[in-house]
Ligand code: 5AD
Ligand code: SF4
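Numbering (the numbering used here), first residue to last: 2 to 485.
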């Protein structure tokens, strides 16, 4: 069951990236880096490599060769942390054979567990939280001096706006651009506010410049990233919560997410634009209108709902109930009729009854999501849910409910994909199919994956594809034109 979850999908991504992460460099020292978790972590890894590149490190795909092994970790569920602990065992065995090798833990687990990680994991030398990567050169000096090193300070600024990421193991077609960091929503189940701090946004000019650079380098699609992109707010820097006390001038000239979308879409009318993740309570009609207005903004919104029960949504401290969410879905459909929507749903939150679970299934049937990422609730230390609510849904019940949610999503995904059969869709080719290099794959504006014969096409081409058949996961067809 777990292999169908979003977490499992992301882990597959991570394996691919780990292998492909070779950047020929001039460095004398070798870095092996593995990333886990969300897209933001993968994007952060590109910043880490950029910083260490200047310190003389070049990346290697062979950990045995590495002077420095870094794991960029995730804390979102207990399983994510256990995966890292297991992986660490493997690297610690390697380190016993190569005493000069250093091991570092980056990311959310570093931030959550802090110095205790150095105590618990004796062979770990370095612990660095997601806002402290600029300090890596200094921390490396401490390591060279034979000490262990740690920095888990969180920042008040977006932090990395001026660092040009080294695009790792990518396809040269699509890239992530981070626009906000942290989250102020305080969902009661979520560890992110503790690991990634308060919300802050990045200067829009630097975002546009990064996208322009990507376009000039041949990239055809950017995904604007943040834990909560709809909450983007630039008023000259600083935390979102301090906006209220900013000067009148700063408030009057503030840039919101809808403005940012217009800015990027206008500056780069041919680049495809995606964004993630949206929070229902922060998504404005202005954002929906911006998506509708610009052809190059993809017609796809990832809109986590977590549960279909208003009682559970309240216990989760989500800023919306079922009716608010359904109202938003109606507005999306009205303003962007061809918009695809995906979900995150969690099974077995504390106190969830069969009736609550049935409400989740009924909400899914009402929305008929294109696809989704589904998880069993995992209690996270120090969150409001962990402090106030007993994790009282038995594991077997959580797993059964999760399976029912996954099964229903499969039906809806198959149905949504089948609606494309006989239609011509536009696909941006990202690479070669895993099954055969005679086929290429790419995604439609709605984020559906399409596979079709390569013919004369190349990754990066935007081609029209006649869809002939489909599964829950894939559209299959044939290209019908020549790319310009
Ligand atoms: N347990 C299970 N799933 C979680 N998520 C966040 N926190 C937890 C948790 N404690 C899921 C939510 C979120 C996605 C990124 O991960 O569905 O939207
Ligand atoms: Fe995991 Fe969340 Fe941290 Fe991303 S922000 S790595 S999903 S805990």
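C-beta atoms are modelled at their ideal positions from N, C-alpha and C, and glycine is treated no differently.
In this structure, residue 188 has its CB closer than 8 Å to one or more heavy atoms of ligand 1.
The three-state reading of DSSP puts residue 354 in coil, since its state is none of H, G, I, E or B. Three or more beta-carbon pairs separated by less than 8 Å link the segment 35-42 to the segment 218-228, which places the two stretches in contact.
Membership of residue 326 in the alpha helix (DSSP H) is indicated by the continuous run 323-336.
Nearest C-alpha to residue 202 among 347, 399 and 256: 256. DSSP places residue 276 in the uninterrupted beta strand (DSSP E) bounded by 273-277. A contact between stretches requires three or more CB pairs, one per stretch, nearer than 8 Å, and the segment 233-244 fails this requirement with the segment 294-303. For residue 275, the shortest separation between its Cβ and any heavy atom of ligand 1 does not lie below 8 Å. Between residue 261 and residue 245, the alpha-carbon positions lie close to 20 Å from each other.
Contact between residue 414 and residue 427 fails: their C-beta atoms lie close to 20 Å from each other, not under 8 Å. Here DSSP, grouped into helix, strand and coil, assigns residue 160 to coil.
Runs of the beta strand (DSSP E) lying entirely within the segment 85-162, each at least 3 residues long, are 103-107, 127-129 and 150-152 in chain order. Annotation for residue 264: the continuous alpha helix (DSSP H) segment containing it runs 258-268.
Rounded to whole angstroms, the separation of the alpha carbons of residue 121 and residue 88 is 15 Å. Partner residues in a beta bridge of residue 227, as assigned by DSSP, do not exist. By the neighbour-count definition (other C-beta atoms within 10 Å, threshold 16), residue 167 is a buried residue.
According to the DSSP secondary-structure assignment, residue 30 is paired through a beta bridge with 58.
Inter-residue distance for residue 47 and residue 480 is about 33 Å (C-alpha atoms, whole angstroms). Apart from sequence neighbours up to five positions away, the residues of its chain that approach residue 475 with a beta-carbon distance below 6 Å are 450 and 452, ordered along the chain. At least one heavy atom of ligand 1 is found less than 8 Å from the C-beta of residue 379. The alpha-carbon separation between residue 431 and residue 335 amounts to approximately 30 Å.
In the three-state DSSP reduction, residue 377 falls in the strand class (E or B). A distance criterion of 8 Å places the beta-carbon of residue 192 in contact range of ligand 1, judged by its closest non-hydrogen atom.
If you ignore the 5 residues before and after residue 477, its C-beta comes within less than 8 Å of the C-beta of 451, 452, 453, 468, 469, 470 and 471, all in its own chain and listed in chain order.
Look at residue 393 here: in three-state DSSP terms it is coil, with no helix or strand label. In this structure, residue 461 sits near residue 173, with a CB-CB distance shorter than 9 Å.
In the structure shown, residue 451 adopts extended strand secondary structure according to DSSP, grouped into three states.
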